[in-house]
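Trainee:
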């Protein structure tokens, strides 16, 4: 028999924590994001979270069945940040570009959390709202249903893949990031044209572009490809 879902107001602690706060899903997720930012994924444990919230770790299980469910809620919160304030304009390319850039930026604002959650499917409210919005934009633009699903699939996976890739880079220690960036100037820029002619001619451009995210370019290419197969607005 499926486990009954208890509304949050009935799960909430009746008394404040030692610091005077009342626990909620939102507060737990917010605190988990802070711990991920400060300590990385290995620092997110029920014990550490309980200490940060001034509560017994067992109290957290009144709100989440386990740390994996909390992980899904963290990912959903990032998508919620991305959707906040977004409104469709009726221009499908502009609307999808805005959604994609917002999701990418939201994940990169919490790189440790992005690495942990970008590959997950939560089925929670914000994720469902984002999927509904993307599909609605595509169907409203006149894409037939199979094509709308195909473009949606490519769009969302490209967005999350770049979010995971770029977030993993940002989550590296600063010294490692600087060493990677310097490689384009210290190694690639000095390869001789006799042995690596294409790299040699492209080296100045590579040194500039390869230290930035390729997501905006990939997104524009994806939308252009999708638009080429669209006969016209419905």
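Residue numbers (UniProt numbering): 1 to 234. Think of the CB as a built atom: it goes at the ideal place given N, C-alpha and C, for glycine as much as any other residue. All values reported here derive from a predicted model rather than from experimental measurement.
Taking all protein chains shown into account, do 16 or more other C-beta atoms lie within 10 angstroms of the C-beta of residue 89, making it buried, or fewer, making it exposed?
Mentor: exposed
Trainee: Decide if residue 217 is buried, meaning its Cβ has at least 16 other Cβ atoms within 10 Å, or exposed.
Mentor: Under this definition residue 217 is an exposed residue.
Trainee: Can you list, in chain order, the residues of its chain whose CB lies under 6 Å from that of residue 211, leaving out five sequence neighbours each side?
Mentor: Residues of the same chain with a CB within less than 6 Å of the CB of residue 211, apart from the 5 flanking positions on each side, are 181 in chain order.
Trainee: Under the three-state reduction of DSSP, which class applies to residue 22: helix, strand or coil?
Mentor: coil
Trainee: Can you tell me which of the three DSSP states residue 322 falls into?
Mentor: In the structure as shown, the chain starts at 1 and stops at 234, and residue 322 therefore has no counterpart that could be examined.
Trainee: Between which two residues does the alpha helix (DSSP H) harbouring residue 188 extend?
Mentor: First-last for residue 188: undefined, no H or E at that position.
Trainee: Taking residue 222 and residue 155 to be in contact with their CB atoms under 8 Å, please state how far apart those CB atoms are, rounded to whole angstroms.
Mentor: 6 Å
Trainee: In whole angstroms, what separates the C-alpha of residue 74 from that of residue 116?
Mentor: For the pair residue 74 and residue 116, the Cα-to-Cα distance works out to about 9 Å.
Trainee: So, are the CB atoms of residue 103 and residue 160 less than 9 Å apart?
Mentor: yes
Trainee: Whose CA, out of 179, 200, 150, lies closest to the CA of residue 225?
Mentor: 150
Trainee: Is the Cβ-Cβ distance between residue 147 and residue 138 less than 9 Å?
Mentor: yes
Trainee: Beta-carbon within less than 8 Å of residue 27's beta-carbon, same chain only, minus the 5 sequence neighbours each way: which residues are those?
Mentor: So the list reads 21, 53, once near-sequence residues are dropped.
Trainee: Rounded to a whole number of angstroms, what is the C-alpha to C-alpha distance between residue 96 and residue 111?
Mentor: 22 Å
Trainee: Please state the DSSP three-state secondary structure of residue 242.
Mentor: Summary: the structure shown does not reach residue 242, with the chain confined to residues 1 through 234, and so no result is reported for it.
Trainee: Check for me: the alpha helix (DSSP H) holding residue 210 runs from which residue to which?
Mentor: Looking at the DSSP string, residue 210 is not in any alpha helix (DSSP H), and its letter there is neither H nor E.
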